[in-house]
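All remarks here apply to the structure that follows.
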Ligand code: CA
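In the working numbering, the protein residues as written are 112 to 375.
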């Protein structure tokens with residue numbers, strides 16, 4: 112399996128299997144910060160688990176961890192919304208009956224705010240009308256408890272595959288076009304060079320034109336969520352993007368973040 116060994120950012124081979132073995136012996140609490148999450152970022156997707164039942168939550172967290180996903184676990188509806196606001200997830204696993212805020216309301220708020228991660232509802236409610244309400248509210252899939260973990264994993268893989276496809280389509284906004292598969296950039300009819308980080312930053316801002324994206328979310332899109340970066344890094348890239356696209360293309364919303372102009 113030598114060929115599959117991941118390569119660390121500094122170019123050295125990591126002993127990935129040994130590291131994972133050591134991690135799996137660590138307690139749940141000590142897993143997330145620093146060392147552990149650095150290894151996980153190499154090959155994993157980030158999932159938000161929203162579940163108030165401690166036993167179900169622990170077994171899901173454990174199982175997903177072993178499948179090499181990065182997990183954040185929210186135990187109630189308010190904690191879930193706090194985590195959604197602060198982070199970007201590839202997928203959300205959502206229980207419906209929750210303390211403080213119901214799952215359906217969380218889902219509706221998330222879709223109203225243009226949240227685009229795949230959402231899978233996991234709940235004991237199994238009537239057809241519950242499923243329809245959940246899917247109408249913007250869920251992508253629905254699994255009734257109790258379920259088999261292997262079935263959950265198979266459906267997660269299918270959802271994640273599907274949700275990743277649209278990211279490669281070309282994006283147009285106010286005379287700017289970005290092609291994520293070829294990395295080509297055209298602005299006002301002329302081809303333009305953007306560095307890898309400038310490109311990623313522009314993609315993050317154009318994910319929902321007009322919506323303000325916080326600086327921490329931009330940092331996360333550029334570097335992953337656990338990496339330490341210089342506090343003014345985003346400002347530096349915004350500055351260089353404005354030089355290329357004009358001062359007005361990216362707006363600064365003081366104390367909140369950045370957004371792209373909606374119209375020129
Ligand atoms: Ca519940």
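All C-beta atoms in this analysis are idealised placements derived from N, C-alpha and C, irrespective of residue type, glycine included.
Note the first and the last residue of the continuous alpha helix (DSSP H) segment covering residue i.
{"i": "residue 315", "result": "307-317"}
{"i": "residue 234", "result": "Note, residue 234: premise wrong, no alpha helix (DSSP H); beta strand (DSSP E) at 229-234."}
{"i": "residue 345", "result": "344-356"}
{"i": "residue 292", "result": "Neither: residue 292 is in no alpha helix (DSSP H) and is coded neither H nor E."}
{"i": "residue 371", "result": "Note, residue 371: premise wrong, no alpha helix (DSSP H); beta strand (DSSP E) at 368-371."}
{"i": "residue 243", "result": "239-247"}
{"i": "residue 191", "result": "188-197"}
{"i": "residue 209", "result": "Element bounds for residue 209: n/a, residue is neither H nor E."}
Considering just the uninterrupted stretch of the beta strand (DSSP E) at residue i, what are its terminal residues?
{"i": "residue 329", "result": "Careful: residue 329 lies outside any beta strand (DSSP E), inside the alpha helix (DSSP H) at 326-334."}
{"i": "residue 173", "result": "Segment 165-177 is the alpha helix (DSSP H) holding residue 173; no beta strand (DSSP E) there."}
{"i": "residue 181", "result": "181-185"}
{"i": "residue 202", "result": "202-205"}
{"i": "residue 363", "result": "361-364"}
{"i": "residue 252", "result": "252-255"}
{"i": "residue 160", "result": "157-161"}
{"i": "residue 282", "result": "282-284"}
Are there 16 or more other CB atoms within 10 angstroms of the CB of residue i, so buried, or fewer, so exposed?
{"i": "residue 224", "result": "exposed"}
{"i": "residue 188", "result": "buried"}
{"i": "residue 340", "result": "exposed"}
{"i": "residue 313", "result": "buried"}
{"i": "residue 166", "result": "exposed"}
{"i": "residue 248", "result": "buried"}
{"i": "residue 191", "result": "buried"}
{"i": "residue 158", "result": "buried"}
{"i": "residue 359", "result": "exposed"}
{"i": "residue 347", "result": "exposed"}
{"i": "residue 269", "result": "exposed"}
{"i": "residue 256", "result": "exposed"}
{"i": "residue 300", "result": "exposed"}
{"i": "residue 243", "result": "exposed"}
{"i": "residue 328", "result": "buried"}
{"i": "residue 183", "result": "buried"}
{"i": "residue 176", "result": "buried"}
{"i": "residue 265", "result": "exposed"}
{"i": "residue 135", "result": "Residue placement at residue 135 cannot be trusted, given a pLDDT of 48 that sits under 50; what the coordinates show is reported in the next sentence. Per the 10 Å Cβ criterion, exposed."}
Considering only the beta carbon of each residue, do residue i and residue j sit closer than 8 Å?
{"i": "residue 285", "j": "residue 197", "result": "no"}
{"i": "residue 378", "j": "residue 178", "result": "Outside the displayed range of the chain (112 to 375) lies residue 378, so it cannot be described from this structure."}
{"i": "residue 230", "j": "residue 218", "result": "yes"}
{"i": "residue 369", "j": "residue 316", "result": "yes"}
{"i": "residue 309", "j": "residue 351", "result": "yes"}
{"i": "residue 267", "j": "residue 202", "result": "yes"}
{"i": "residue 260", "j": "residue 357", "result": "no"}
{"i": "residue 295", "j": "residue 306", "result": "no"}
{"i": "residue 271", "j": "residue 156", "result": "yes"}
For residue i, collect the residues of the same chain with a Cβ closer than 6 Å to its Cβ; drop the 5 residues on either side in sequence, then sort them by chain order.
{"i": "residue 186", "result": "163"}
{"i": "residue 287", "result": "298"}
{"i": "residue 210", "result": "163, 187"}
{"i": "residue 226", "result": "none"}
{"i": "residue 222", "result": "249"}
{"i": "residue 251", "result": "229, 230, 270"}
Excluding the 5 residues flanking residue i on each side, which residues of the same chain have their C-beta closer than 7 Å to its C-beta?
{"i": "residue 206", "result": "161, 162, 163, 214, 233, 234"}
{"i": "residue 290", "result": "281"}
{"i": "residue 311", "result": "332, 333"}
{"i": "residue 200", "result": "157, 158, 159, 228"}
Ignore the nearest five residues each way along the sequence and tell me which others in residue i's own chain have a CB closer than 8 Å to its CB.
{"i": "residue 367", "result": "323, 325"}
{"i": "residue 330", "result": "340, 344, 345"}
{"i": "residue 208", "result": "163, 214, 234, 235, 236"}
{"i": "residue 212", "result": "187, 188, 189, 191, 192"}
{"i": "residue 241", "result": "207, 234"}
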